[in-house]
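The structure under discussion appears below in the form of structure tokens.
Right under this line is the structure:
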């Protein structure tokens, strides 16, 4: 299974993001390298909302406490996922020590969003459906994430891909992102 994400060209670059197709199993290695990444790709590799192609082949949720990794694994058990601790995992942050990590969830295809609001609303619905207390500041079509420190700490689960169209149909106010029939990923 292949996903497309974009990666900065060096560890100090937060603007120039190059698209890269990677195997699902290689996500932990790629996001634990020394470069920043985004689940989105961008026109001319310039990361900003205006240049975002607004296409998504993997869901990424950022959790900064409120749910242990063990409980998260239980909630995601039916899906194909990776949970990768961040550099602030179990480190004091604002006086609080908590599990902090990113969740990568396999999708049943490639989705295109009409704008940032549709993506933000969709991610809000996904977080509610999965009962995941994600960081809502990370819900934007130009979101960049810093690398995680250790791929050896990744936890993976093999279930089914998440069907975004099916779950969003129940929330008409959000609008359904477009599933690209010509680019459906093989499962």
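In the working numbering, the protein residues as written are 433 to 619. Each residue gets a CB set at the ideal place from its N, CA and C atoms; glycine is no exception.
Look at residue 455 here: in three-state DSSP terms it is strand.
Minimum Cα-Cα distance from residue 565 among the listed residues 596, 535 and 460 corresponds to 535. Under the Cβ criterion (8 Å, minimum of three pairs), the stretch 499 to 510 does not count as touching the stretch 476 to 483.
When DSSP reads this structure, residue 434 sits in a beta bridge with 455. Under the DSSP definition of a beta bridge, residue 509 lacks any partner. Rounded to the nearest whole angstrom, the C-alpha separation of residue 527 and residue 578 is 22 Å. The three-state reading of DSSP puts residue 473 in coil, since its state is none of H, G, I, E or B. Per DSSP, residue 447 lies in no beta strand (DSSP E) segment and is marked neither H nor E.
Take residue 563, set aside five residues on each side of it, and the residues of its chain with a beta-carbon closer than 7 Å to its own are 507, in chain order. Fewer than three Cβ pairs drawn from the stretch 548 to 564 and the stretch 442 to 462 lie within less than 8 Å of each other, which leaves the two stretches out of contact. For residue 554, the enclosing alpha helix (DSSP H) covers residues 548 to 562.
Using a Cβ distance threshold of 9 Å, residue 596 and residue 499 do not count as a contacting pair. With respect to the 9 Å criterion, residue 489 and residue 542 are classified as neighbours on the basis of their beta carbons.
Shown here, residue 489 sits in a strand according to DSSP, grouped into three states.
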